[in-house]
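A short write-up of the structure that comes next.
Numbering (full-length UniProt numbering), first residue to last: 1 to 262.
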């Protein structure tokens with residue numbers, strides 16, 4: 001196939017556009033649907049990305065959505081892995097009690113934990129997030145319609161949360177789902193049991209609504225060769241062993257160098 005002659009036709013089949021991360025400020029070309037033909041052909045994918053960056057020269061990088069089993073080679077690196085829980089609920093763990101948060105008494109703590117999550121994600125991406133930005137994003141998320149927070153308590157103390165968005169819709173597939181935005185345990189006598197209790201409660205809440213529970217794992221960006229062994233895939237592996245399945249992933253690549261663009 002003559003890529004140059006057919007590129008316009010191929011681009012018409014690709015869903016893509018500029019996207020600025022509201023937390024880190026990074027300017028991406030977001031490609032939520034490249035199409036099977038592009039994903040199967042590395043050279044064609046390169047040509048499509050080069051064309052998109054010529055159209056949007058201010059973008060710093062590309063974010064590419066792929067289905068399970070599609071793993072583009074270098075320079076792409078795994079950025080986010082989305083997993084879903086639709087199976088049987090595990091037995092109730094011997095962990096802390098989990099209940100719905102009270103907005104009046106628990107809201108401040110939940111917002112602080114959400115801000116910590118934004119800060120941690122920025123650190124993983126090597127894009128530090130200012131405290132005021134993290135707090136503002138947390139407040140905005142907390143105020144969203146359909147936001148539900150579940151709290152784990154031990155001996156009267158709140159030791160963790162799972163925050164859900166229950167009215168989400170996949171913009172690519174149109175599927176309605178419940179998003180597990182963040183889960184954090186802080187000060188529990190057994191972090192593993194508290195995490196299991198919160199996860200089960202989140203899955204039960206989604207199942208009661210008749211929707212799948214979707215969560216994601218952020219994959220840390222290596223800052224140098226010394227971190228090449230830092231493998232956040234192990235987190236995904238643990239999830240796959242406990243009732244979760246792969247849903248989709250986003251891959252990151254830097255903008256093509258100008259001289260590499262035809």
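Glycine included, C-beta positions come from ideal geometry on N, C-alpha and C.
One question on the structure: do residue i and residue j come within less than 7 Å of each other, judged by their Cβ atoms?
i	j	result
residue 111	residue 142	yes
residue 165	residue 213	no
residue 248	residue 19	no
residue 38	residue 118	no
residue 138	residue 101	no
residue 29	residue 62	yes
residue 252	residue 79	yes
residue 7	residue 47	yes
residue 184	residue 76	no
residue 236	residue 211	no
residue 31	residue 42	no
residue 218	residue 106	no
residue 68	residue 246	yes
residue 243	residue 25	no
From what residue to what residue does the alpha helix (DSSP H) around residue i run?
i	result
residue 131	131–142
residue 123	103–124
Specify, as a first and last residue, the run of the beta strand (DSSP E) that residue i falls within.
i	result
residue 30	27–33
residue 152	147–154
residue 79	77–85
residue 18	15–20
residue 100	97–100
Let me check understanding here. Comparing Cα to Cα, which of the options lies closest to residue i?
i	options	result
residue 167	135, 185 and 205	205
residue 145	134, 120 and 163	163
residue 85	220, 257 and 215	215
residue 250	91, 155 and 72	72
residue 221	189, 27, 25 and 121	121
residue 257	243, 59 and 242	59
residue 64	14, 91, 87 and 90	14
residue 9	25, 44 and 187	44
residue 186	154, 255 and 92	154
residue 11	239, 27 and 36	36
residue 40	49, 70, 104 and 21	70
residue 207	188, 182, 189 and 176	176
Just to confirm, does residue i get its C-beta within under 6 Å of one of the non-hydrogen atoms of the ligand ATP?
i	result
residue 44	Looking at this structure, you won't find the ligand ATP or any other ligand, since it has none at all.
Entirely enclosed beta strand (DSSP E) segments - the stretch 200–257, minimum 3 residues: 213–218 and 244–254
Three CB pairs or more closer than 8 Å across the stretch 93–100 and the stretch 174–194: Short answer: they touch.
Sufficient close CB pairs (3 or more, under 8 Å) joining the stretch 201–217 to the stretch 147–154: yes
Given 8 Å, three or more beta-carbon pairs between the stretch 155–165 and the stretch 50–67: no
Cβ pair count under 8 Å reaching 3, the stretch 126–141 against the stretch 168–178: no
Whole beta strand (DSSP E) elements within the stretch 167–194, 3-residue minimum: 176–185
Residue ranges of each beta strand (DSSP E) within the stretch 30–76, 3 or longer: 61–66
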